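Numbers in the working numbering are just positions in the sequence shown, counted from 1, shifted up by 529.
Heads up, the beta-carbon is just placed ideally off N, CA and C, and yes, glycines get one too.
In this text, all values refer to a predicted model and were calculated from it rather than measured experimentally.
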Amino acid sequence: MRKNEALESTQDFESPVTDDPSAAMTMSEIDAVRQKVQRCWNIRDFAGSADADKLAATISFSLNQNGSLAGFPSIAKTSGGPLSRLFAERAIQAVQKCAPYDFLPPDKFTSWRDMRLSFTLAEMM
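Below you can see the structure in the form of structure tokens.
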């Protein structure tokens, strides 16, 4: 897998290397996944907490060709603060609640089959 260099530092997305550059996901497609997850995520529990500006989580998950989850999402990384584990668990719940991701282009399946997305509370507020 390779890191997509065009993404913001708070967003981490990895996809398999492919010989077909047209099969790579666009920023718009990646943002659509992130926005869908954010709509399913209740962040009110974290607003106003002492560590709110430090909360971050990276979630890994795999998808089937129809956009449904292939297994359970996992926590790849957290910010390490006291609320970070709960923040990451809520991210996983949002990924599960929002499935399926059936709007993704089928011809780019090799690019979106395995996802790794990073979220910070600051960017979601």
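Nearest-angstrom beta carbon gap, residue j and residue i [assumed within contact, 8 Å]
i: F632; j: L584; result: The Cβ separation is near 28 Å, so there is no contact.
i: S640; j: A561; result: Actually they are not in contact, since the Cβ atoms of S640 and A561 sit about 13 Å apart, beyond 8 Å.
i: A623; j: T607; result: Not quite, the Cβ-Cβ distance comes to about 15 Å (not below 8 Å), so this is no contact.
Bounding residues of the alpha helix (DSSP H) (the contiguous stretch that carries residue i)
i: K565; result: M556 to R568
i: F616; result: S613 to C627
Run of the beta strand (DSSP E) containing residue i, from where it starts to where it stops
i: L646; result: D643 to T649
i: S608; result: S608 -> no beta strand (DSSP E), and no H or E assigned at all.
i: A576; result: Per DSSP, A576 belongs to no beta strand (DSSP E) and is neither H nor E.
i: A581; result: Taken as a continuous stretch (DSSP letters only), A581 belongs to no beta strand (DSSP E), as it is neither H nor E.
Distance, residue j Cα to residue i Cα
i: A651; j: A581; result: 7 Å
i: R563; j: S591; result: 14 Å
i: S647; j: S589; result: 9 Å
i: R645; j: A605; result: 8 Å
i: A620; j: V566; result: 8 Å
i: K626; j: E558; result: 19 Å
i: E618; j: F575; result: 13 Å
i: L598; j: W570; result: 17 Å
i: G577; j: S603; result: 26 Å
i: G596; j: M554; result: 14 Å
i: R568; j: P629; result: 14 Å
i: L612; j: T649; result: 12 Å
i: D643; j: R573; result: 29 Å
Same chain, Cβ closer than 7 Å to residue i, neighbours up to 5 away in sequence not counted
i: F601; result: none
i: Q594; result: P635 and F638
i: G610; result: D580, K583 and L584
i: R614; result: T607
Spatial neighbours of residue i in its chain, beta-carbon cut-off 6 Å, leaving aside the 5 residues before and after
i: M654; result: none
i: S544; result: The predicted position of S544 is uncertain, since its pLDDT is 44 and thus under 50; a value taken from the coordinates is nonetheless stated next. Here the set comprises S640.
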